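Basically the numbering used here = 1-based index in the sequence shown + 232. Glycine residues also receive a C-beta, built at the ideal position from the N, C-alpha and C atoms. Given the structure is predicted, the values throughout are model-derived calculations rather than measurements.
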Amino acid sequence: MTAQEIRQVVAATLADLLRVPASAPTKGAGASCVSPSPAHAPSAPLPPNAIPLEVSARHVHLSAEDLRTLFGDDATLTRERALSQPGEYLSDKRVRVIGAKGAIDGVAVLGPTRRVTQVELAASDCRKLGVRAPVNLSGDLSGAAELQLQGDAGSVQCRAIIARNHIHATPADAARLGLSDGQRVDVRAQSARPLIFADVPVRVRPDFALALHLDTDEANACALQAGDYATVQSPAGTRTAPPPPAATVITEKLIDEARAKQLAASGKHLTFARGTVLTPSARDVFLRGQVHITEDRLPINN
Ligand SMILES: [Zn+2]
């Protein structure tokens, strides 16, 4: 393979890794630290309590000084593609990340430059590199792993973290979903292999758009596909609390989708008598609406 071909493969792989599998339901570009703007709107509208999922592939933020050391005194970061966080972009620069046991080539450099150089890796990247990095929120380099970056003109020592998953929300999103800035919540990825991510920090700012940011390991773990989203399960620390008691028992014989929508609008905890049949589409309505249902508590003729 020629150097040109290798560069093409790396570029294609990067484009794939940086692809966003889900997009915001109403706002188009979701506010993201590192993910690009969604390319397409989802084919079906997301339920009102859905939090779009966005994936951040491994990447590097550089200080202006490290940019010059790696790529020369005249080096600048040229915008290749805008990311969903306002002002952030995928630059034209790529670096080799070198650890104790291995290296990863073609790691994307995001712009603009930052005060401190920071590498964000997935846990699987750390294994390949032979480093132990902490799971920190972006910007927190406490306990960060030591790595070397190699550019066209030189190399620098730097620090790496595994970026902690987090939710971005506007104040309006937060109010609608019952979230607050600094809160930690459990969220369920509604995907082919559903997973609950626990204690996910919530960040609320007017210039954000609603999104849950995962790294590539997390996205692969839940078999994420385009259009997948997450729903909030409970505020962290309260998930062992018992559900509230149901006020009434529903004794209808069949609950179809239309009836389920009526019931979902009437309460978040429903109890159905034994013998009541819920159609799959009705169950889907309750799942998407985060309606807690209890079945089989009482005989239908009680
Ligand atoms: Zn983010």
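For residue i, the first and last residue of its enclosing beta strand (DSSP E)
i, result
"E352", "350-353"
"N526", "Residue identity differs from the one stated: residue 526 is Thr in this sequence, not Asn. It spans 524-527 - the beta strand (DSSP E) in which T526 sits, taken as one unbroken run."
"P438", "First-last for P438: undefined, no H or E at that position."
"E286", "283-288"
Start-to-end residues for the alpha helix (DSSP H) that takes in residue i
i, result
"D488", "Careful: D488 lies outside any alpha helix (DSSP H) and carries neither H nor E."
"E450", "448-453"
"D298", "296-303"
"D405", "403-409"
"L519", "512-520"
With 16 other Cβ atoms within 10 Å as the buried cut-off, status of residue i
i, result
"D405", "buried"
"R300", "buried"
"D357", "buried"
"Q422", "buried"
"E361", "A small fix is needed here, since residue 361 is Leu in this sequence, not Glu. Flag for L361 reads buried."
"E297", "exposed"
"I525", "buried"
"P270", "Below a pLDDT of 50, predicted positions are generally treated as unreliable, and P270, at 42, falls in that range; the measurement from the model is reported next regardless. Buried: at least 16 other Cβ atoms inside 10 Å."
"P476", "Caution is warranted here: a pLDDT of 49 is assigned to P476, below 50, making its placement in the model unreliable, and the coordinate value is therefore given only provisionally. By the neighbour-count rule (16 or more Cβ atoms within 10 Å), P476 is not buried but exposed."
"T480", "exposed"
Closer than 7 Å: residue i CB and nearest ligand 1 heavy atom
i, result
"H398", "yes"
"H445", "yes"
Contact under 8 Å by Cβ, residue i with residue j
i, j, result
"L444", "T402", "no"
"V339", "H293", "no"
"G343", "L373", "no"
"L381", "G331", "no"
"R364", "A376", "no"
"E489", "F504", "no"
"L495", "C454", "no"
"T463", "I487", "no"
Among the options, the one whose alpha carbon lies nearest that of residue i
i, options, result
"N397", "R408, V417, V341", "V417"
"G371", "G362, I393, L353", "I393"
"N281", "T448, K493, R408, A430", "R408"
"S466", "L456, S412, A497, R437", "S412"
"L446", "V419, P438, A514", "V419"
Distance cut-off 7 Å: residue i Cβ against heavy atoms of ligand 3
i, result
"V367", "You won't find ligand 3 in this model; what it holds is ligand 1."
Chain B within 8 Å of residue i, Cβ atoms only
i, result
"L510", "No chain B appears in this structure, which consists of one protein chain only."
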